[in-house]
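Remarks on the structure that follows.
Numbering (UniProt numbering), first residue to last: 1 to 346.
Below is the structure:
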């Protein structure tokens, strides 16, 4: 089992500066590297303070200079917002800067709010077309001269400049439905999945979709499977420590709901979480269920659950630390994970 860190700068009010959030993200990444994590993942989001990352590339390039061995994952680039030539070139440059530590994840995108601003109002549900077309095009550009005439992208002969440090850098696809899993496996891409607020039965379901894709493509070497989960570790000496994490993750997902609903205009990048009353009768938002369904618990409780993932065939567990908690709480949780959980999988 490999471990990775999925991290963004997240800002919930104007009391914490963007510079401080940048320093905090860097500190968590350095902790993860020293703790034996394989990769740090940073995604892409636009015009929203609660996940600050208009491009993962500047952050990852900076972290390349601050680290020695942790891999640097763009997790994920939103395909409809990019030109394939730019994806190929920027990812290759990161690979050169980092001496071959780049990993690139691609996704179709989710928030209509972002599509309204970044893709001329394209329906978010159409993002998959760009994703499916982008994957083989980027690889062709890494190989050399290539011209493309597709449904989404069209360009005359071009190539990736620079070329990546590695001839075939790892590529990941964020997948949920069977078609996405099948596309990823058929195209030799690793698969990243997130159960969001659902429990381990969703992890099993996603793993079964991945397995079905493997069965559909028996001649393709088995790619890697990563599970991304909101994670909060608390000490056994603090039996109510789980509540801190559950309340914070509730706030995160109520904010997710507000952004995803796209019914309210943000003010200077901030959007209030949907009210607790909206979810009073929704089982997934009950604190006990958040505790059970996301990765919240003592080190021993978390070890047991990750060992179950390992038995399912999951290759990488990604510690998702975006959860609305202050940096000190995130740091405390990550320290416990590194000290108590990681050694159980050595």
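Where is the CB? At the ideal position from N, CA and C, for every residue including glycine. Quick caveat, the model's predicted, so the values are computed rather than measured.
- DSSP places residue 64 in the helix class (H, G or I) of the three-state scheme.
- Around the Cβ of residue 222, a 10 Å sphere holds fewer than 16 other Cβ atoms; the residue is exposed.
- The beta-carbon separation of residue 133 and residue 152, rounded to 5 Å, stays under the 8 Å limit for a contact.
- Secondary-structure assignment with DSSP links residue 105 through a beta bridge to 172.
- By the CB criterion at 8 Å, residue 316 and residue 55 fall outside the cutoff.
- Your pair residue 166 and residue 109 does not check out as a contact, with CB atoms roughly 27 Å apart and the cut at 8 Å.
- Spanning the alpha carbons of residue 90 and residue 156 requires a straight line of approximately 19 Å.
- Looking at the backbone, the Cα of residue 11 and that of residue 333 are separated by about 19 Å.
- The three-state secondary structure of residue 325, taken from DSSP, is coil.
- Listed in chain order, the non-local C-beta contacts of residue 340 below 6 Å within the same chain comprise 299, local neighbours out to five positions each way being set aside.
- Residue environment analysis places residue 267 among the exposed positions, since fewer than 16 neighbouring C-beta atoms fall within 10 angstroms of its C-beta.
- For the pair residue 258 and residue 276, the CB atoms are not nearer than the 8 Å cut-off.
- When the beta-carbon positions are compared, residue 59 and residue 331 stay at least 8 Å from each other.
- Shortest Cα-Cα distance from residue 114 to any of 106, 141 and 81 involves 81.
- Per DSSP, residue 137 lies in no beta strand (DSSP E); the unbroken alpha helix (DSSP H) holding it starts and ends at 127-143.
- At a Cβ-Cβ threshold of 8 Å, residue 269 and residue 47 count as neighbours.
- Taking the C-beta atoms as reference points, residue 26 is found no nearer than 8 Å to residue 71.
- Proximity to residue 161 across 305, 84 and 296 peaks at 84, based on C-alpha coordinates.
- In the three-state DSSP reduction, residue 2 falls in the strand class (E or B).
- Note that the C-beta distance between residue 255 and residue 50 is below 8 Å.
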